[in-house]
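Residue 6 is where the sequence shown starts when you use my numbering, and the numbers rise one by one after that.
Please read the structure below before turning to the comments.
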Amino acid sequence: MVILDISRELQSCPLAPGCPPPRLERVSDMGDGAEYNYTCIHASLHTATHCDAPLHFVQDGKDITGAALAHFAGPCLVITVRPDSLLLPEDFGAVPAGVRRLLIHGGGNSHLSREAADALADRGLITVGTDAFSVGAPSNDTEVHRALLSRGMAVIENLDLEHVEDGAYFLSAAPCKFGGAEAAFCRAVLFTGIHMEEV
Numbered sequence: 006m007v008i009l010d011i012s013r014e015l016q017s018c019p020l021a022p023g024c025p026p027p028r029l030e031r032v033s034d035m036g037d038g039a040e041y042n043y044t045c046i047h048a049s050l051h052t053a054t055h056c057d058a059p060l061h062f063v064q065d066g067k068d069i070t071g072a073a074l075a076h077f078a079g080p081c082l083v084i085t086v087r088p089d090s091l092l093l094p095e096d097f098g099a100v101p102a103g104v105r106r107l108l109i110h111g112g113g114n115s116h117l118s119r120e121a122a123d124a125l126a127d128r129g130l131i132t133v134g135t136d137a138f139s140v141g142a143p144s145n146d147t148e149v150h151r152a153l154l155s156r157g158m159a160v161i162e163n164l165d166l167e168h169v170e171d172g173a174y175f176l177s178a179a180p181c182k183f184g185g186a187e188a189a190f191c192r193a194v195l196f197t198g199i200h201m202e203e204v
């Protein structure tokens, strides 16, 4: 079994536009004579690799604690798409029927069109992940998020898929459990060569 880390490191990851830089505050430091190290974090929940809940764009939608864990763990497919593109339904024509979790490798700069978002939802997907800051482009971010999140789909953003080959994997990307939050950090990993007796 091989484990591939597809998460971005919180403090060194490039920031999405408008996202404040994360900051760690060491409130107890053994280097200063304390008995233990103790750190607080100040960061947007949309920093680095994270999961979006319906509440992000859906009024009265479920928060991250209400998101189905099955959306973030299970078989998935990684595909490479046209870089620097607004993706259309035909860009996903080769995705086999029955795929439920799809991770999109677009060089960090490809986004879903509203039509592609609707098409993926219509196919029965429960999860869409991307290596871009957002599943939507600046021009359509709200409508793409709403198209996915209003139908109960999970969204995982800012994945690191640079060294991942296209193909089938087992995904684990459960979000941190923050009550009332519209998003949460996650440690996303892919398993390959996994056997069910190891699960």
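From the three backbone atoms N, C-alpha and C, an ideal C-beta is built for every residue, glycine too.
These numbers were taken from a predicted model, which means no experiment stands behind them.
Quick one: residues in its chain with C-beta nearer than 7 Å to the C-beta of L153, no 5 flanking neighbours on either side, listed in chain order?
-> Start at 1 with the first residue of the sequence shown, and residue 153 comes out as number 148. Closer than 7 Å at the Cβ level, and outside the excluded window around L153, lie A122, A126, V133, V140, V160.
Span of the beta strand (DSSP E) around T135 = Within the sequence shown, numbered from 1, the residue matching residue 135 stands at position 130. Note, T135: beta strand (DSSP E), 132-135.
Identify every run of the alpha helix (DSSP H) within the region 104-172, keeping only runs that are complete inside it and at least 4 residues long; order them along the chain.
-> Segments of the alpha helix (DSSP H) lying fully in the region 104-172: 119-127, 146-154.
Does the separation of the CB atoms of C18 and A53 fall below 8 Å?
-> Stepping through the sequence shown from its first residue, residue 18 is reached at position 13. Stepping through the sequence shown from its first residue, residue 53 is reached at position 48. By the CB criterion at 8 Å, C18 and A53 fall inside the cutoff.
In chain order, what residues of the same chain lie with their CB nearer than 7 Å to the CB of C45, ignoring the 5 residues before and after it?
-> Position 40 of the sequence shown, counted from the first residue, corresponds to residue 45. Residues of the same chain with a CB within less than 7 Å of the CB of C45, apart from the 5 flanking positions on each side, are E30, V32 in chain order.
Length of the line joining the Cα atoms of D96 and A189 = Taking the sequence shown and counting its residues from 1, one reaches residue 96 at position 91. Taking the sequence shown and counting its residues from 1, one reaches residue 189 at position 184. Cα to Cα, D96 sits roughly 29 Å from A189.
In whole angstroms, what separates the C-alpha of G36 from that of P101?
-> Taking the first residue of the sequence shown as position 1, residue 36 is located at position 31. Taking the first residue of the sequence shown as position 1, residue 101 is located at position 96. Distance between the alpha carbons of G36 and P101 is about 55 Å.
Following the continuous beta strand (DSSP E) through P88, name the residue where it begins and the one where it ends.
-> Taking the sequence shown and counting its residues from 1, the one referred to as residue 88 is at position 83. Where P88 is concerned, there is no enclosing beta strand (DSSP E), given that its DSSP letter is neither H nor E.
Same chain only: Cβ atoms within 6 Å of G112, ignoring 5 sequence neighbours per side | Walking along the sequence shown from the start, residue 112 turns up at place 107. Here the set comprises P88.
Candidates H51, L50, D34: closest to Y1 by CA position = Nothing in the structure corresponds to residue 1, since the chain is present only between 6 and 204.
Do the CB positions of L74 and A186 come within less than 8 Å of each other?
-> Counting from one through the sequence shown, the residue named residue 74 turns up at place 69. Counting from one through the sequence shown, the residue named residue 186 turns up at place 181. For L74 and A186, no; Cβs fall outside 8 Å.
Reduced DSSP secondary structure (H/G/I, E/B, other) of F175 | Position 170 of the sequence shown, counted from the first residue, corresponds to residue 175. The answer is strand: DSSP assigns F175 an E or B state.
Return the CA-CA distance between K182 and G66, expressed in angstroms with no decimal places.
-> Here residue 182 is taken as the residue at index 177 of the sequence shown, counted from 1. Here residue 66 is taken as the residue at index 61 of the sequence shown, counted from 1. Taken atom to atom, the span from the alpha-carbon of K182 to that of G66 is near 16 Å.
Buried or exposed: where does A205 fall if 16 or more other Cβ atoms within 10 Å of its Cβ makes it buried?
-> Residue 205 lies beyond the range of the chain shown here (6 to 204); nothing can be said about it.
Which same chain residues, not among the five before or five after E203, have their C-beta less than 8 Å away from its C-beta?
-> As a working mapping, residue 203 is identified with position 198 in the sequence shown. Confidence in E203 is poor, its pLDDT being 47 and thus under 50, which makes the residue's placement too unreliable to answer from.
Which two residues bound the contiguous beta strand (DSSP E) that contains Y43?
-> Locating residue 43 in the sequence shown gives position 38, where the first residue counts as 1. Going by DSSP, Y43 is part of the beta strand (DSSP E) stretching over 43-47.
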